[in-house]
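Residue numbers (the numbering used here), protein chains in the order written: chain A, 31 to 188; chain B, 488 to 681.
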Amino acid sequence: MPHIKKSKLSALADGALSPIESERVRGHLDICGRCRNQAERLSKVAEFLSLANTDEPTIPPFFLARVRQRIRSRKKQSLLHGRWLPRALIPAGSIALFLIAVAGGGYLGTRAFMQRNNSATASESQAASYLGADVLGDYPTGSMGDVLDNLLSARGGR
Amino acid sequence: MNSAIYDKEPDQELIRLVAAGDEAAFARLVDRYQRAVFSTIRRYMGSSTDVEDLAQDVFASVWQNARRFEGRSRFSTWLYRIVVNRCLKHRRKHRIAVESLDEPSEEAPVPEQLAVEFKPRLEQERKSRIVNQAISELPERQRLALILTRFEGKSYLEAREIMGVSLSAIESLILRAKENLAKRLEPLRARGAV
Chain A
31 MPHIKKSKLS ALADGALSPI ESERVRGHLD ICGRCRNQAE RLSKVAEFLS
81 LANTDEPTIP PFFLARVRQR IRSRKKQSLL HGRWLPRALI PAGSIALFLI
131 AVAGGGYLGT RAFMQRNNSA TASESQAASY LGADVLGDYP TGSMGDVLDN
181 LLSARGGR
Chain B
488 MNSAIYDKEP DQELIRLVAA GDEAAFARLV DRYQRAVFST IRRYMGSSTD
538 VEDLAQDVFA SVWQNARRFE GRSRFSTWLY RIVVNRCLKH RRKHRIAVES
588 LDEPSEEAPV PEQLAVEFKP RLEQERKSRI VNQAISELPE RQRLALILTR
638 FEGKSYLEAR EIMGVSLSAI ESLILRAKEN LAKRLEPLRA RGAV
């Protein structure tokens, strides 16, 4: 017959086994000297434990008031140094920076494009008036542009 | 309402009211459990710890986390779990060392007449101190399992829930605690010290 585990013998001494299991273990102890010795040794520990201090603790006066005080101070702390603050600030800050970068980049890009367009149109107009040409049309007959154009096409023809 | 009516209110109902911000219900819960909380902390942490400070911390956590209590376990189990977690956190933070049985702390000398008059009581207190010291020297989980089942009247099943371990683990922890205590205290008994 297998012996009873020591943890079960200990639980029996504490009244922690079910009635059926207690019955089974007790039945075994009646016939097994080795398990009975172990059970006796464990039950002696209960004698030591009965010597331990079992005084009721003294509850200090105004304990509840001090608990409430602590709750209030925790609330204040969590408002000042709450965990939600850094958690919310990091993504919000990142989004704000991204939007500022996009808006700023767009503005600067548009401005640079406009400036370049304006200066290109002005220089084209200047050159056209010097050559006596309409920017969008052919050179008028006898103008510097017409002469230059004729010379270039004559050379190309050779 | 008088206190007899308070006592009939189930914990689950009180904690539900606490979750809704009912301060009177909170006061009733504190009143109902403050002795158990003080007693567990004192046994687990030893007398050198500021027991009241930890107990305040425990009940402040109950107030703050009442909404998280889902009612799947008993309120007392949930409360003890908070007590245990706070004690462990405190111990880790302050790295509390236990005094050794071999180095008894110094005591003020007792006048002779008083010593005779109170000898039985002093003797009892001395033995009690030795046993408490031996309990405080047990490894943490063994000590906790022993305190819950032996001194706080919790069943093995409740202790299992509080500590978050299996039933066989609780049985094993308690067995090892008892064996360690026997190993520590039996030689002292042989010398007549206990």
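From the three backbone atoms N, C-alpha and C, an ideal C-beta is built for every residue, glycine too.
Q. Alpha carbon to alpha carbon, how far is Glu648 (chain B) from Ser124 (chain A)?
A. Their backbone Cα atoms lie some 44 Å apart in a straight line.
Q | N- and C-terminal bounds of the alpha helix (DSSP H) containing Pro674 (chain B) | A | It spans 654–677 - the alpha helix (DSSP H) in which Pro674 (chain B) sits, taken as one unbroken run.
Q.
Relative to the C-alpha of Asp509 (chain B), which candidate in B:Gly679, B:Thr527, B:Arg559, B:Val549 has its C-alpha closest?
A. B:Val549
Q: At 4 residues or longer, and completely inside the segment 624–648 of chain B: list those alpha helix (DSSP H) runs for me, N to C.
A: 627–633
**Q.** Inter-residue CB distance, Phe556 (chain B) and Val517 (chain B) (contact presumed, cutoff 8 Å)
**A.** Not really, about 15 Å apart at Cβ, beyond 8 Å.
Q) Mind checking if Asp509 (chain B) is an interface residue toward chain A, Cβ cutoff 9 Å exclusive? A) no
Q: With 7 Å as the C-beta to C-beta threshold (strictly closer), list the residues of the segment 558–585 of chain B near chain A in chain order.
A: Those would be none; no residue qualifies.
Q | Nearest-angstrom beta carbon gap, Tyr567 (chain B) and Leu635 (chain B) [assumed within contact, 8 Å] | A | Contact between Leu635 (chain B) and Tyr567 (chain B) holds: CB atoms are separated by about 7 Å, below the 8 Å threshold.
Q.
Please report whether the beta-carbon of Val505 (chain B) lies at a distance below 9 Å from any beta-carbon of chain A.
A. The beta carbon of Val505 (chain B) sits no closer than 9 Å to any beta carbon of chain A.
Q.
Count Cβ pairs between the segment 649–663 of chain B and the segment 51–67 of chain A that sit closer than 8 Å; are there 3 or more?
A. no
Q: Could you tell me if the beta carbon of Ile61 (chain A) falls within a distance shorter than 8 Å of some heavy atom in the ligand COA?
A: This structure lacks the ligand COA; in fact it carries no ligand of any kind.
Q: Could you tell me the distance, in whole angstroms, from the CA atom of Asn667 (chain B) to the CA atom of Ala511 (chain B)?
A: 45 Å
Q: Measure the alpha-carbon distance for Phe46 (chain A) versus Arg637 (chain B) and round it to whole angstroms.
A: For clarity, residue 46 (chain A) is Ala in the given sequence; the question names Phe instead. Taking the straight line joining both Cα atoms gives about 11 Å.
Q.
If the cut-off is 8 Å on Cβ atoms, which residues from the segment 61–82 of chain A count as contacting chain B, listed in chain order?
A. Arg71, Leu72, Lys74, Val75, Phe78, Leu79, Leu81, Ala82
Q) With respect to the alpha helix (DSSP H) encompassing Gly57 (chain A), which residues constitute its N-terminal and C-terminal limits? A) 49–61
(Q) Once the 5 residues before and after Arg530 (chain B) are set aside, which same chain residues still bring their CB inside 7 Å of it? (A) Only Ile634, Phe638 meet the Cβ criterion.
Q: Count the CB pairs spanning the segment 31–42 of chain A and the segment 66–78 of chain A that are closer than 8 Å, and state whether there are at least three.
A: Touching, yes, given that three or more Cβ pairs across the two stretches are closer than 8 Å.
Q) Which of helix, strand or coil does DSSP assign to His33 (chain A)? A) Reduced to three states, the DSSP call for His33 (chain A) is coil.
Q: Take Ile617 (chain B) as the anchor and find which of B:Gln521, B:Tyr643, B:Asn552, B:Gly679 has the nearest alpha-carbon.
A: B:Gly679
Q | Contact set between the segment 624–647 of chain B and chain D, restricted to residues whose Cβ is under 9 Å from the partner | A | As a matter of chain content, chain D is missing from the structure shown, whose protein chains are A and B.
Q: Anything in chain B within Cβ reach of Val97 (chain A), meaning under 7 Å, just list it in chain order.
A: Val517, Gln543, Phe546, Ala547
Q. Can you give the Cα-Cα distance for Gln145 (chain A) and Thr151 (chain A), rounded to whole angstroms?
A. 10 Å
(Q) Please state the DSSP three-state secondary structure of Asp518 (chain B). (A) helix
(Q) Rounding to the nearest angstrom, what Cα-Cα distance links Ile622 (chain B) and Arg628 (chain B) in this structure? (A) Their Cα atoms are separated by approximately 11 Å.
**Q.** Collapsed DSSP secondary structure at Ile125 (chain A) in the structure displayed
**A.** helix
Q. Using a Cβ-Cβ distance under 9 Å, would Pro90 (chain A) count as near chain B?
A. yes
Q) Is the beta carbon of Ala126 (chain A) less than 9 Å from the beta carbon of Glu658 (chain B)? A) no
**Q.** Neighbourhood of Ala506 (chain B) by C-beta distance below 6 Å, restricted to the same chain and skipping five residues each side
**A.** Ala553, Arg554
Q) Does DSSP put Ala507 (chain B) in a helix, in a strand, or in coil? A) Coil, per DSSP.
Q.
Quick check: what's the CA-CA separation for Asp176 (chain A) versus Ala133 (chain A)?
A. 49 Å
**Q.** Where the segment 662–679 of chain B meets chain A: residues whose CB sits under 7 Å from a CB there
**A.** Leu662, Lys665, Leu668, Ala669, Leu672
Q. Is Asp179 (chain A) helix, strand or coil by DSSP?
A. Secondary structure of Asp179 (chain A) (DSSP, three-state): helix.
**Q.** Exposure label - Asp544 (chain B); buried when at least 16 CB within 10 Å
**A.** buried
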